[in-house]
Each structure stands twice: as structure tokens, then as C-alpha cells.
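All remarks here apply to the structure that follows.
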Amino acid sequence: YGLEDWTFDESGKMRKYMMSGNDILLGEDGNGDSRWFLDGVDVNEVEISEKHW
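Residue 482 in my numbering is what sits at position 42 of the sequence shown, and the numbering runs on without skipping anything.
Here is the structure:
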């Protein structure tokens, strides 16, 4: 499955398209185990910049 986010500017042109579709390995060993709560990773301290939009 995947998620999509389409954002448009005031003129109606697309400003941002974001898609999440499981295209990277998740988890400490890339097997998906414990993918949300890895030791040493604080989700509140991760910076998400426009590069990731």
C-alpha cells in the first residue's frame, strides 16, 4: 500500500507531491522488525525538511 499527498499553489499548479510506497528497507536489519521504535532514535528529534516533501 502507499500514501499520497498532493499540494497545489494559489494558481492551481502542483506545488508538492509526496508519496510513500515502501521503497526503502525498514528496521535495524532491513527486515521491518521494530521499524517504528529503534533504540537511539527519537522521532521527535528528526528534522523533516522540504527536501523530504
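Glycine included, C-beta positions come from ideal geometry on N, C-alpha and C.
- E444: member of the beta strand (DSSP E) spanning L443 to F448, first to last residue.
- In the DSSP assignment, S460 falls within the unbroken beta strand (DSSP E) covering M454 to S460.
- Within the model, the alpha-carbon separation for K456 versus E444 is close to 10 Å.
- Look at E490 here: in three-state DSSP terms it is helix.
- Under the criterion of beta carbons closer than 8 Å, D473 and G467 qualify as touching, at roughly 5 Å.
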